[in-house]
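*Asks:*
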Amino acid sequence: MSRYIHVKVLRQQDPHSAERWETFSVEHEPGMNVTTVLQRIAAAPVTVEHESSTPVAFDACCLEEVCGACSMVINGRVRQACSALIDNLCADGRDTIELRPMTKFPVVRDLVVNRRRMFDALKRVKAWVQVDDYFDRGPGPRVFPKEQDEAYPLSRCMTCGCCVEACPQYHDDSPFIGAAAISQAILFNAHPTGRSAADERMEVLAGKGGIADCGNSQNCVKVCPKKIPLTDSLAKAGRDATVYKLRKWFGR
Amino acid sequence: MAKQNVVVVGGGLAGLAATMKLAEMGVHVDLISMVPVKRSHSVCAQGGINAVNDVTRQEGDNEWKHFDDSVYGGDFLAHQPPIKEMCDWGPRIIDLLDRIGVPFNRSPEGFRDQRRFGGTLYKRTAFAGATTGQQLIYALDEQARRWESEGMVSKYEYWEFLGPVLDDAGVCRGVIAQDMFSMEMRAFPADAVVLATGGNGLIFGRSTMSMICTGGAAGRAFRAGVKYANGEFMQVHPTAIPGTDKLRLMSESARGEGGRVWVPRKPQDERDPMSIPKEERYYFLEERYPKYGNLVPRDIATREIFEVCVKGGLSVEQNNLCVYLDVTELPPAQQKKLDGILEIYETFQGVDPRKTPMKIFPAVHYTMGGLWADYERDANHGGLNLGSPRNHQTNVPGIFAIGEADYQYHGANRLGANSLLSCIFSGLIVAPSIAAYMGGRKGSKDAPSTLFDGAVGVHKQQYEKLIRNDGTENPYKIHIELGDTMTRNVTVVRYNKAISETLGKIDDLMQRYQRVGLSDKSNWTNQNLSFTRALGDMLLMAKVIAQGALQRDECRGAHYKPDFEIPGPKAENPADLRREAETWCDGFQKNLDKWLKTTVATYDGKGGTGFDGKGGFKIEYEAVDTSMIPPRPRTYGLKGAEIIEEVWKERIAKAKRGPGAEKREAVGAG
Chain A
63 MSRYIHVKVL
73 RQQDPHSAER
83 WETFSVEHEP
93 GMNVTTVLQR
103 IAAAPVTVEH
113 ESSTPVAFDA
123 CCLEEVCGAC
133 SMVINGRVRQ
143 ACSALIDNLC
153 ADGRDTIELR
163 PMTKFPVVRD
173 LVVNRRRMFD
183 ALKRVKAWVQ
193 VDDYFDRGPG
203 PRVFPKEQDE
213 AYPLSRCMTC
223 GCCVEACPQY
233 HDDSPFIGAA
243 AISQAILFNA
253 HPTGRSAADE
263 RMEVLAGKGG
273 IADCGNSQNC
283 VKVCPKKIPL
293 TDSLAKAGRD
303 ATVYKLRKWF
313 GR
Chain B
74 MAKQNVVVVG
84 GGLAGLAATM
94 KLAEMGVHVD
104 LISMVPVKRS
114 HSVCAQGGIN
124 AVNDVTRQEG
134 DNEWKHFDDS
144 VYGGDFLAHQ
154 PPIKEMCDWG
164 PRIIDLLDRI
174 GVPFNRSPEG
184 FRDQRRFGGT
194 LYKRTAFAGA
204 TTGQQLIYAL
214 DEQARRWESE
224 GMVSKYEYWE
234 FLGPVLDDAG
244 VCRGVIAQDM
254 FSMEMRAFPA
264 DAVVLATGGN
274 GLIFGRSTMS
284 MICTGGAAGR
294 AFRAGVKYAN
304 GEFMQVHPTA
314 IPGTDKLRLM
324 SESARGEGGR
334 VWVPRKPQDE
344 RDPMSIPKEE
354 RYYFLEERYP
364 KYGNLVPRDI
374 ATREIFEVCV
384 KGGLSVEQNN
394 LCVYLDVTEL
404 PPAQQKKLDG
414 ILEIYETFQG
424 VDPRKTPMKI
434 FPAVHYTMGG
444 LWADYERDAN
454 HGGLNLGSPR
464 NHQTNVPGIF
474 AIGEADYQYH
484 GANRLGANSL
494 LSCIFSGLIV
504 APSIAAYMGG
514 RKGSKDAPST
524 LFDGAVGVHK
534 QQYEKLIRND
544 GTENPYKIHI
554 ELGDTMTRNV
564 TVVRYNKAIS
574 ETLGKIDDLM
584 QRYQRVGLSD
594 KSNWTNQNLS
604 FTRALGDMLL
614 MAKVIAQGAL
624 QRDECRGAHY
634 KPDFEIPGPK
644 AENPADLRRE
654 AETWCDGFQK
664 NLDKWLKTTV
674 ATYDGKGGTG
684 FDGKGGFKIE
694 YEAVDTSMIP
704 PRPRTYGLKG
714 AEIIEEVWKE
724 RIAKAKRGPG
734 AEKREAVGAG
């Protein structure tokens, strides 16, 4: 006999409309994930009350947890929808899953949110290596495997937003730039060329919305789908900010 | 002086490389993308990027050998000057990526580490774990963000390209795009337009590609008059994880680091694979291709896996075709270099591939064909003349195509780790090409606003027609049926009868598409509409792919038609074997004369959306530039095919000595 999964979705037609819940029933398939469920709903958008509805709007792209697009709140926990397998979500005999948009960003429609604030934060912390030009100037600096081992995990950040969704300090009324951007600042400050702009990044980290706003709840590191050692970056940012402020105080 | 403005459509590796180079040259860029550019499909590239390096150089490697590997890998179908130039640039491009902060893996002394990839005998591939594409696009995304903060780049993310705007003279003056949130449409005037819109794997339903890879943008350019070349050449990657929504890539780097492909010799052996003794395992790639082993090019590995499962009946599972890809023997340090991809397997299959061999099967992966783009050969060195506005310009003046969206560099089969190189290379060199093109023009500002208003009006009408269409056909079901027929009949093994059936099926689907009904008729973030619109383009481009495949009666790279395969020599007796090889080489030469040609499709309607029933095109053929490396049989040291190589080499040597050489030799010998 076929098995059906009940999918409760918190929907919102546009930023000005009210939220509403809708429940769909989707036939179970082996290996199915939440993005597949949403695709099945799109193909036949009829609610459990047999009312015609519309496809649920959602963001998704690579479907293998490297692009960061499909973050949403699934059964109360923020994560990537593509790697959320139904068999794991319903392992304990449950047959209902609940989908909500992330709460820290403006809802565009249904599960689609606008994460622009995260990308703006990357601009603020100058998350790039400021090279002179793109002409041929030979290789970059020599890097030992130990340094690469430290840089690579930080460099896997997808700007997916899970860390800031889980963060109590990140909300509409707070200027906090969040763990993702702080961790990127730490990444580029450690790069042999990137660190030439270290002071400019520290100015942001030591300023309003910077590291001082971190409440050390450590939620970010728990929800990061790429297991980035965010709390290490935050701790380093705290120490570096202190040193930077002292240095500035003494005018050097 | 008015600032020059270029529209770049697509923010993957190619689009971002073009954007940052144009910005550096002082040209403002409007960067249009359906997704935040950081989420482009380039993130899915895993294994690495190829270039000759200091170590391989000392082992006898050089740029020419990389060039030769790429040409041979592509079965000679690609024009040679662009490939030569790309391989010459390889080392410089890796250096640039290194400078802008890509965390390449390192040797203990701090140099960049390299791994071996398919279709070469050298370790040319630089890599960042097994997420190299992600790391590369992040570095380029960061550079684009830097230019954005300096005002040289304006990003339009969540904007969808609807089509170019051409003036009365047929010159491109900008594009029309639509905000995917508000559904607002507007014109983006431009002095030149770059299409860096990637591949079209979604035409095959499930593939290794991302949800945005519909090829819709290329289809829209095609309808506007841009030619489309070598559509029938699609790469099917040998190793992917079967899935219900997507076939997730399992990188060639797994084999580059020493992973081995095998099946139990006993069909559907039910034992735990780890308990099957070595002698009861069939390492078919290693046995059949002793020289390249598991690292034969992708088209060959794919066919071998397909054959061993379908013809050989040796699939690991009865109802679910698959073979083992085994990295369990690798030492932990080497497994660690593959963490990025092993994690994907573990996440989606729930099995630790470090301890149990992975089950994999081929999947549609890369679009070798694409928008037709020109180049100018440098008479001195055979590569490209880099100051020429022809490089990467399509047949429509002012439209340039780069990256996976164009058809250059990979011919009939792309080598692993050459795509990241071709994307970045084409993005970097299109910038001076555009500058040269714009140098001789007045600029977009003089284009009349009526031209853009008119174009917006046409797209608005098409939008209204689609959204209001009163039909019952479900676009998602049409897409599934399209994917099924394309995957079944137009992928690894192709028969004309089956391809004809698919063409008939596509015609049916196009008819049904006219009666499509949207379940969402709202004017806000309407993904239903966006998908259905792209479906119209997928149907048209599917037809271009299938028609090209039907007409090309030969085997070349990824395009394999058993009915037109020249049977290999099999005789036991050396004299007979030789005679058979001679016949084989005759057939090979005849086939080259007939089919070593670029397929070029030209749309013969004007405009259209696929929704109005228009969709005719004609196919013509163009000569391929093989000026530097003459075509040769592509055996990759297959056991039993040595005689073919021997006979062919003799023929080439004889041809080099000139006509009448045989006679002179006979006299000399006497």
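So the protein sequences, as listed, match chains A and B. Per the working numbering, the first sequence starts with residue 63, numbered consecutively. Per the working numbering, the second sequence starts with residue 74, numbered consecutively. For glycine and all other residues, C-beta sits at the position ideal for the given N, C-alpha and C.
Hey, would you say K94 (chain B) sits closer than 8 angstroms to G456 (chain B), going by beta carbons?
*Replies:* Within the second sequence, residue 94 (chain B) is the residue found at index 21, counting from 1. Within the second sequence, residue 456 (chain B) is the residue found at index 383, counting from 1. Result no, Cβ atoms of K94 (chain B) and G456 (chain B) do not sit closer than 8 angstroms.
*Asks:* Starting from the Cα of D636 (chain B), find the closest Cα among B:R652, B:D134, B:I572, B:P262 and give me that residue.
*Replies:* Within the second sequence, residue 636 (chain B) is the residue found at index 563, counting from 1. Checking every option, the nearest Cα to that of D636 (chain B) belongs to B:I572.
*Asks:* N303 (chain B): which of B:K727, B:V697, B:A212, B:T204 sits nearest, CA to CA?
*Replies:* Position 230 of the second sequence holds residue 303 (chain B). It is B:V697 whose Cα lies nearest to the Cα of N303 (chain B).
*Asks:* Using a C-beta to C-beta distance shorter than 8 angstroms, which residues of chain A count as neighbours of I285 (chain B)?
*Replies:* Taking the first residue of the second sequence as position 1, residue 285 (chain B) is located at position 212. Simply C123.
*Asks:* Alpha carbon to alpha carbon, how far is G133 (chain B) from L194 (chain B)?
*Replies:* For this step, residue 133 (chain B) is matched to residue 60 along the second sequence. For this step, residue 194 (chain B) is matched to residue 121 along the second sequence. Distance between the alpha carbons of G133 (chain B) and L194 (chain B): 11 angstroms.
*Asks:* Are there 16 or more other CB atoms within 10 angstroms of the CB of V108 (chain A), so buried, or fewer, so exposed?
*Replies:* In the first sequence, counting from the first residue as 1, residue 108 (chain A) sits at position 46. By the neighbour-count rule (16 or more Cβ atoms within 10 Å), V108 (chain A) is not buried but exposed.
*Asks:* Can you find a CB in chain A that lies within less than 8 angstroms of the CB of N601 (chain B)?
*Replies:* As a working note, residue 601 (chain B) is residue 528 in the second sequence. Yes, N601 (chain B) lies at the interface with chain A (some Cβ there is under 8 angstroms from its Cβ).
*Asks:* How would you write the range of the beta strand (DSSP E) that G247 (chain B) sits in, first residue to last?
*Replies:* Along the second sequence, one-based indexing puts residue 247 (chain B) at 174. Where G247 (chain B) is concerned, the enclosing beta strand (DSSP E) stretches over 245-252.
*Asks:* For a contact meaning CB atoms closer than 7 angstroms, what does T85 (chain A) contact in chain B?
*Replies:* Within the first sequence, the letter at position 23 stands for residue 85 (chain A). By Cβ distance, chain B contributes nothing, its closest Cβ being about 17 angstroms from T85 (chain A), past 7 angstroms.
*Asks:* Going along chain A, which residues have a C-beta under 7 angstroms from D321 (chain B)?
*Replies:* Here residue 321 (chain B) is taken as the residue at index 248 of the second sequence, counted from 1. Sequence check: residue 321 (chain B) is Arg here, not Asp. Going along chain A in sequence order, the residues near R321 (chain B) (Cβ under 7 angstroms) are E126.
*Asks:* Apply the 10 Å Cβ neighbour rule to Y66 (chain A) and answer buried if 16 or more other Cβ atoms are within range, or exposed otherwise.
*Replies:* Sequence index remark: in the first sequence, residue 66 (chain A) carries index 4 (1-based). So Y66 (chain A) counts as exposed.
*Asks:* Keeping to the same chain, check which residues put their C-beta closer than 8 angstroms to that of Y355 (chain B); ignore five residues upstream and five downstream.
*Replies:* Reading the second sequence from its first residue, position 282 is the one you call residue 355 (chain B). Result list for Y355 (chain B): W335, V336, P337, R338, V381, L387, in chain order.
*Asks:* Could one say the Cβ of F167 (chain A) lies closer than 8 angstroms to chain B's Cβ atoms, at least one of them?
*Replies:* Residue 167 (chain A) sits at position 105 when you count from the first residue of the first sequence. By this cut-off, F167 (chain A) is not an interface position.
*Asks:* Thinking I273 (chain A) and G256 (chain A) are a contact (beta carbons under 8 angstroms), I'd like their distance in whole angstroms, please.
*Replies:* The sequence position of residue 273 (chain A) within the first sequence is 211, counting from 1. The sequence position of residue 256 (chain A) within the first sequence is 194, counting from 1. Between G256 (chain A) and I273 (chain A) the Cβ distance is about 18 angstroms, and since that is not below 8 angstroms, they are no contact.
*Asks:* Please list the segments of the alpha helix (DSSP H) lying wholly inside the region 204-273 of chain B, counting only runs of 4 or more residues, in order along the chain.
*Replies:* 205-222, all fully within the region 204-273 of chain B.
*Asks:* With DSSP collapsed to three states, give me the class of I239 (chain A).
*Replies:* Here residue 239 (chain A) refers to the residue found at position 177 when the first sequence is read from its first residue. Correct three-state label for I239 (chain A): coil.
*Asks:* Out of curiosity, what's the CA-to-CA distance linking E695 (chain B) and A674 (chain B)?
*Replies:* Looking up residue 695 (chain B) in the second sequence gives position 622. Looking up residue 674 (chain B) in the second sequence gives position 601. E695 (chain B) and A674 (chain B): Cα-Cα distance of roughly 11 angstroms.
*Asks:* Look up V175 (chain B) in the DSSP assignment and say whether it is helix, strand or coil.
*Replies:* Translated into positions along the second sequence, residue 175 (chain B) becomes position 102. Three-state DSSP puts V175 (chain B) in coil, outside helix and strand.
*Asks:* Can you check whether the C-beta of H68 (chain A) is within less than 8 angstroms of a C-beta belonging to chain B?
*Replies:* Locating residue 68 (chain A) in the first sequence gives position 6, where the first residue counts as 1. No, no contact with chain B.
*Asks:* Have a look at the DSSP bridge pairing and note the partners of A696 (chain B).
*Replies:* On the second sequence, position 623 is the one that residue 696 (chain B) refers to. DSSP, once it has assigned bridges, lists B:K670 as partnering A696 (chain B).
*Asks:* Take V226 (chain A) and list the residues in its own chain whose beta-carbon comes closer than 6 angstroms to its own, dropping the five residues that flank it on each side.
*Replies:* Translated into the one-based positions of the first sequence, residue 226 (chain A) becomes position 164. Same-chain partners within the cutoff: K166, Y232, G240.
*Asks:* To which residues of the same chain is S245 (chain A) closer than 7 angstroms at the C-beta, ignoring the five residues directly before and after it?
*Replies:* In the first sequence, counting from the first residue as 1, residue 245 (chain A) sits at position 183. Result list for S245 (chain A): L216, C219, I290, L292, S295, in chain order.
*Asks:* Mind checking who K432 (chain B) pairs with in its DSSP beta bridge?
*Replies:* Stepping through the second sequence from its first residue, residue 432 (chain B) is reached at position 359. DSSP lists B:Y397 as partners of K432 (chain B).
*Asks:* Do D168 (chain B) and D198 (chain A) have their CB atoms nearer than 8 angstroms?
*Replies:* Along the second sequence, one-based indexing puts residue 168 (chain B) at 95. Along the first sequence, one-based indexing puts residue 198 (chain A) at 136. The answer is yes: Cβ separation under 8 angstroms.
*Asks:* Distance check for A607 (chain B) and R561 (chain B), CA to CA, integer angstroms please.
*Replies:* For the purposes of this step, residue 561 (chain B) is identified with residue 488 of the second sequence, where counting begins at 1. For the purposes of this step, residue 607 (chain B) is identified with residue 534 of the second sequence, where counting begins at 1. Cα to Cα, the separation comes out at about 22 angstroms.
*Asks:* Within a Cβ cutoff of 8 angstroms, which residues of the same chain sit near R585 (chain B), ignoring the five residues on either side of it in sequence?
*Replies:* Here residue 585 (chain B) refers to the residue found at position 512 of the second sequence. If we look at R585 (chain B) and ignore the five residues flanking it on each side, its Cβ neighbours are E546, I551.
*Asks:* Tell me which residues share the same chain as N468 (chain B) and place their Cβ nearer than 7 angstroms to its Cβ, disregarding the 5 neighbours each side in the sequence.
*Replies:* Mapped onto the second sequence, residue 468 (chain B) falls at position 395. The answer, listed in chain order, is V299, K300, W445.
*Asks:* Which chain B residues are close to N95 (chain A), counting only those with a beta carbon under 7 angstroms from its beta carbon?
*Replies:* Counting from one through the first sequence, the residue named residue 95 (chain A) turns up at place 33. Neighbours of N95 (chain A) on chain B, chain order: D318.
*Asks:* What separation, rounded to the nearest whole angstrom, lies between the Cα atoms of V565 (chain B) and A714 (chain B)?
*Replies:* In the second sequence, residue 565 (chain B) corresponds to position 492, counting from 1. In the second sequence, residue 714 (chain B) corresponds to position 641, counting from 1. Each residue's Cα considered, the two are about 22 angstroms apart.
*Asks:* Just to confirm, is the Cβ distance from H310 (chain B) to A436 (chain B) under 8 angstroms?
*Replies:* By one-based count along the second sequence, residue 310 (chain B) stands at place 237. By one-based count along the second sequence, residue 436 (chain B) stands at place 363. Yes, the Cβ-Cβ distance between H310 (chain B) and A436 (chain B) is below 8 angstroms.
*Asks:* Does DSSP classify V566 (chain B) as helix, strand or coil?
*Replies:* Position 493 of the second sequence, counting from 1, holds the residue named residue 566 (chain B). Residue state, collapsed to three classes: coil.
*Asks:* For the region 204-218 of chain B, list every residue whose C-beta sits within 7 angstroms of some C-beta in chain A, in sequence order.
*Replies:* Within the region 204-218 of chain B, the residues whose Cβ lies closer than 7 angstroms to some Cβ of chain A are T204, Q207, Q208, Y211, E215, Q216, R218, listed in chain order.
*Asks:* Out of A:G202, A:T98, A:C222, which has the shortest C-alpha to C-alpha gap to R179 (chain A)?
*Replies:* Walking along the first sequence from the start, residue 179 (chain A) turns up at place 117. The residue with the shortest Cα to Cα distance from R179 (chain A) is A:C222.
*Asks:* Shorter than 8 angstroms from the beta carbon of V170 (chain A) to some beta carbon of chain B?
*Replies:* As a first step, residue 170 (chain A) is located in the first sequence; it is residue number 108 there, counting from the start. Closer than 8 angstroms to some Cβ of chain B, the Cβ of V170 (chain A) qualifies, so yes.
*Asks:* In whole angstroms, what separates the C-alpha of A742 (chain B) from that of K727 (chain B)?
*Replies:* Your numbering for residue 742 (chain B) matches position 669 in the second sequence. Your numbering for residue 727 (chain B) matches position 654 in the second sequence. In this prediction, A742 (chain B) scores a pLDDT of 43, lower than 50, which makes its location untrustworthy; the coordinate-derived value is nonetheless stated afterwards. Cα to Cα, A742 (chain B) sits roughly 15 angstroms from K727 (chain B).
*Asks:* What is the DSSP secondary structure of D149 (chain A), reduced to helix, strand or coil?
*Replies:* Residue mapping note: residue 149 (chain A) aligns to position 87 of the first sequence, counting from 1. It is helical.
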